[in-house]
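Heads up: take any position in the sequence shown, counting from 1, add 6, and you land on my numbering. Every residue gets a Cβ at the ideal spot worked out from N, C-alpha and C, and that includes glycine.
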Amino acid sequence: MEDSGLRRLWKGSEFENLTRADRRIVFKLSRIVFTYLIPIIPLCTIGDGAVSILRLYNPDELLQFASETDSNYTWRAGKVRNQLGMRITYLTGIPASST
Numbered sequence: 007m008e009d010s011g012l013r014r015l016w017k018g019s020e021f022e023n024l025t026r027a028d029r030r031i032v033f034k035l036s037r038i039v040f041t042y043l044i045p046i047i048p049l050c051t052i053g054d055g056a057v058s059i060l061r062l063y064n065p066d067e068l069l070q071f072a073s074e075t076d077s078n079y080t081w082r083a084g085k086v087r088n089q090l091g092m093r094i095t096y097l098t099g100i101p102a103s104s105t
């Protein structure tokens, strides 16, 4: 008999804590900024990087895109290594001579 009374008391106090929790927390802009906004920045950066990697083109595809334009340019595409050893894909257009 006493055991069921303790359970009701415990469940009642937990329910009361849940319903009054929003009244006990003091609203502060700094709490929202540091709890929600700042942790989102790395997630957005990771997502942007992942999408950018999916959009990479090889030199042949870049030349195909460039050749489909109506321009008087000579196009060159390739890959070079930078100072850190990473391969960089490039596309350059040089105006064709009009003579």
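Short of 8 angstroms in beta carbon distance, which residues of its chain neighbour residue i, apart from the five on each side in sequence? Order them along the chain.
i           : result
residue 92  : none
residue 72  : 79, 81, 83, 97 and 99
residue 102 : 78, 79 and 80
Determine the direct distance from the alpha carbon of residue j to that of residue i, and round the result to whole angstroms.
i          : j          : result
residue 84 : residue 65 : 5 angstroms
residue 67 : residue 54 : 22 angstroms
residue 37 : residue 43 : 10 angstroms
residue 74 : residue 59 : 24 angstroms
Apart from the five residues on each side of it in sequence, which residues of its chain come closer than 6 angstroms, Cβ to Cβ, to residue i?
i          : result
residue 62 : none
residue 94 : 86 and 88
If you follow the alpha helix (DSSP H) that residue i is in, where does it begin and where does it stop?
i          : result
residue 36 : 35-38
Unbroken stretches of the alpha helix (DSSP H), 4 residues or longer, contained in the stretch 42-95: 44-60 and 65-73
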